[in-house]
Every structure is written in C-alpha cells, then in structure tokens.
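Undergrad: The structure's right below; bear with me while I get my questions together.
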Amino acid sequence: SFSAVSGTAVSFRDPQGKLIIEPSRPGNFCQLVQSSPSGAKACAASNRAAAKTAGLGPAQARKCHAGLYQYAAPIIVDGQRLGTIVMGDRPKKGLNKEQVHKLVEKYGLKEQELGEAAKSLALWSDKQMHDCIRLLSVLGNSIARICYQEHVLRERLGELGTLYDLTGQLSGTCELGETLNGLAESIVRLTNAKAC
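So this is what it looks like as structure tokens:
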C-alpha cells in the first residue's frame, strides 16, 4: 500500500540491511539494471547501504549507484533499531545520455532499452520528497509502536500466566515443601534466573 501511494519501490530490511521481504514495485529501470549479475549486486549493496544510513534518527536520503534517490527510515523500539524501511529509486532530475551510457558499459546492458526506461522514470519534486519522507517516518513510527505494544502484551500475558500458576500451586496443596518448591520454580521461570 505504501508503495502504491508513493509510486516507488519499498523494502523492509533488518538492522544489517538484509532484505526481510522482497521489494514491492521495482520500476522498469531498476529491473533492467538488476538483469545483469553485476547490476543486481550493485543494487543490493546500494539498498543495504541506504538501510544502514538510517541510524536512530529521522529518515535519511541517499543517492544510489545508478543516480536514483532512496530514503530510509528506521524502525526503533526502546532505543534499538529493529529494521529499516527503504523506499525510492527515483531521480531528482532526469538521467542524461552520459549517465545512462556509463551504466550500460558498466553492467553490459542495451543502450536503447535502458535509455527509454530512464526517460520514463518519474522525478521527485521537492514536495513529493518531503511528503514521502514524512509518510515514511510515520510508517516507521507506527510499526515501532505496534512492535512495542506487542512486546508489552506478551510480557503481561506471561505475568498473568505466572500468577495463574502460582494461584494454582498455593491453593492446590497443603504441604509446605511442595508449595515452596513450586514457588521457587515459578520465580526462576518468571525472572529467567539460574537458581532460586
């Protein structure tokens, strides 16, 4: 959905920049560049680098090896980056014949085919870039909030499960030794301690 709204390719990456899911909506130009093994390798490295530029701050812009712009926003929970959303692969201004020719020679592509794909690239206007960066940041923050809420919910469910177990142990037996052993086991599980 985000890819459809922004009109760009979008991918989710782990903290090291590796793909979590395949990018959505890669454009014709990028598909042509990636059709050669060396072009695919350069694109993968460029996307990993874009993901790594997103530290713990706001969305960051980066120009890829082919002259297109990518934006990366971190997904942060409790001060730790869980991953990055990378979007982009559009230029600020059209690619000229010299830029296309360099890519053709570097990756062994067909000049006319890549030239036509370069002409059809949608350009980033300043407003579009600003809006997409804001949307990207909102999306990253929303995902982070959902992750945090899920984490808190899992903790609460664990605590409720432990309380249920403790209640059963306290009401299930009248023997002190058995009750204390059960409580000690529950405390070890709950606190992840080595012994109690």
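The numbering of the sequence shown is this note's numbering, which starts it at 2 and goes up by one. Quick reminder that beta carbons are idealized off the backbone N, C-alpha and C, glycines included. None of the values given here were measured: they were computed from a predicted structure.
When the Cα of Lys98 is compared with those of Gln32, Gly80, Glu112, which residue comes out closest?
TA: Glu112
Undergrad: Closest by CA to Gly116, which one among Gln35, Val87, Phe30?
TA: Phe30
Undergrad: Restricting to Cα atoms, I'd like to know which of Asp127, Phe3, Leu20, Val34 is closest to Asn85.
TA: One point to set straight first is that residue 85 is Thr, not Asn, in the sequence displayed. Looking at the Cα atoms, Leu20 is the closest of the given residues.
Undergrad: With DSSP as the reference, identify every bridge partner of Thr85, one or two as the case may be.
TA: Residue pairing by DSSP puts Thr85 in a beta bridge opposite Arg14, Pro75.
Undergrad: Using C-beta distances below 8 Å, list every residue in its chain close to Leu140, excluding the 5 sequence neighbours before and after it, in chain order.
TA: Phe3, Ala74, Ile86
Undergrad: Throw me the rounded Cβ distance for the Leu137 and Ala67 pair, which I believe falls under 8 Å.
TA: So it is not a contact: roughly 20 Å between Cβ atoms.
Undergrad: Helix or strand or just coil, what does DSSP make of Ser36?
TA: coil
Undergrad: Flag this pair as yes or no: are the beta carbons of Ala51 and Gln71 separated by less than 8 Å?
TA: yes
Undergrad: What does the Cβ neighbour count give for Pro38, buried or exposed, with the cut at 16 atoms within 10 Å?
TA: So Pro38 counts as exposed.
Undergrad: Is it buried or exposed, Asn193, if we count other Cβ atoms within 10 angstroms and call 16 or more buried?
TA: exposed
Undergrad: With which residues is Tyr70 paired in a DSSP beta bridge?
TA: Lys64, Arg91
Undergrad: With DSSP as the reference, label Ser25 as helix, strand or coil.
TA: strand
Undergrad: I need the DSSP call for Leu122, collapsed to helix, strand or coil.
TA: Collapsing the DSSP output to three states places Leu122 in coil.
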